[in-house]
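Numbering (the working numbering), first residue to last: 105 to 279.
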Amino acid sequence: MESTANIRRAGEKDYDEIRELTFRAFDNEGEPDLVEAIRESEYYIPELSLVAVNKGRVEGHILFSMIRIITEEGEIPVLTLAPMSVDPGLQKTGIGSRLVETGLRECRRLGHKAVIVIGHPEFYAKFGFQPARGFGLEVPFDVPGEAFMAIELETGALRNAAGMVEFSPPFDGLV
Ligand SMILES: CC(C)(COP(=O)(O)OP(=O)(O)OC[C@H]1O[C@@H](n2cnc3c(N)ncnc32)[C@H](O)[C@@H]1OP(=O)(O)O)[C@@H](O)C(=O)NCCC(=O)NCCS
105 MESTANIRRA GEKDYDEIRE LTFRAFDNEG EPDLVEAIRE SEYYIPELSL
155 VAVNKGRVEG HILFSMIRII TEEGEIPVLT LAPMSVDPGL QKTGIGSRLV
205 ETGLRECRRL GHKAVIVIGH PEFYAKFGFQ PARGFGLEVP FDVPGEAFMA
255 IELETGALRN AAGMVEFSPP FDGLV
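In structure tokens:
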């Protein structure tokens, strides 16, 4: 059955539930630690941490934060989508899709130009993410080609962006 969860910005009162949800979705402490490290860093954007809430319970969470692309001409600030989590018992009911759609709309509204993601290609392609290497992007670690994706939020935003994606310090040791 399609979820009727409401999507809204995450607030302090959601933090414990977000930690618990992220742990259950990934089955490790690395991802909940990552959420908190991003939140405490200068790369965090409060408007781009969203939760899906149903009957007062947090059922899903998505987070976009600042990273950069190092090109020959200089640096381009972009966003990364990571991590996102949906309650394992409620996956495949549309919560993840609504979080991505609402999140990308918010990213655009705030004037961000592009988003990089590393994840399930069958899932992210539905929202317009394309293979990042097609834009001339690289990452300094091993990722299967199809899992490394990017989306332009403004047409042509990644046209002259060939370069190395540099994740922020909170991702150290994870990517
Ligand atoms: C990936 C995730 C966020 C998707 O959320 P969701 O609410 O289940 O997504 P939706 O219901 O909107 O869409 C379902 C689609 O997601 C994709 N999907 C979900 N889980 C997937 C997985 N483990 N591997 C590959 N694709 C997956 C499928 O394309 C599925 O389509 P289908 O129903 O036609 O099979 C969720 O499964 C999750 O939290 N997984 C564990 C943590 C994780 O992997 N996070 C993302 C890291 S990139």
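Think of the CB as a built atom: it goes at the ideal place given N, C-alpha and C, for glycine as much as any other residue. Model, not experiment: these values are computed from the prediction.
> Below 8 Å, can you find three or more Cβ-Cβ pairs linking the region 229 to 237 to the region 167 to 178?
Replying inline: no
> Counting Cβ pairs closer than 8 Å, one from the region 131 to 140 and one from the region 198 to 217, do we hit at least three?
Replying inline: no
> How many Å lie between Met188 and Glu116 at the Cα?
Replying inline: The count along the sequence shown starts at 1 and reaches residue 188 at position 84. The count along the sequence shown starts at 1 and reaches residue 116 at position 12. So the alpha carbons of these two residues sit roughly 17 Å apart.
>> DSSP three-state label for Phe227, please.
In response: To locate residue 227, count along the sequence shown from 1; it is residue 123. DSSP places Phe227 in helix when its eight states are reduced to three.
> Between Ile111 and Thr184, is the Cβ-Cβ spacing less than 8 Å?
Replying inline: The residue labelled residue 111 in the question sits at position 7 within the sequence shown. The residue labelled residue 184 in the question sits at position 80 within the sequence shown. It is not a contact, given that the beta carbons lie outside the stated cut-off.
> So the alpha helix (DSSP H) Phe252 belongs to, where does it begin and stop?
Replying inline: Mapped onto the sequence shown, residue 252 falls at position 148. No alpha helix (DSSP H) contains Phe252, which is instead part of the beta strand (DSSP E) from Phe252 to Glu256.
> Is Ser169 helix, strand or coil when you go by DSSP?
Replying inline: Here residue 169 corresponds to residue number 65 of the sequence shown, with the count starting at 1. Of the three classes helix, strand and coil, the one that applies to Ser169 here is strand, per DSSP.
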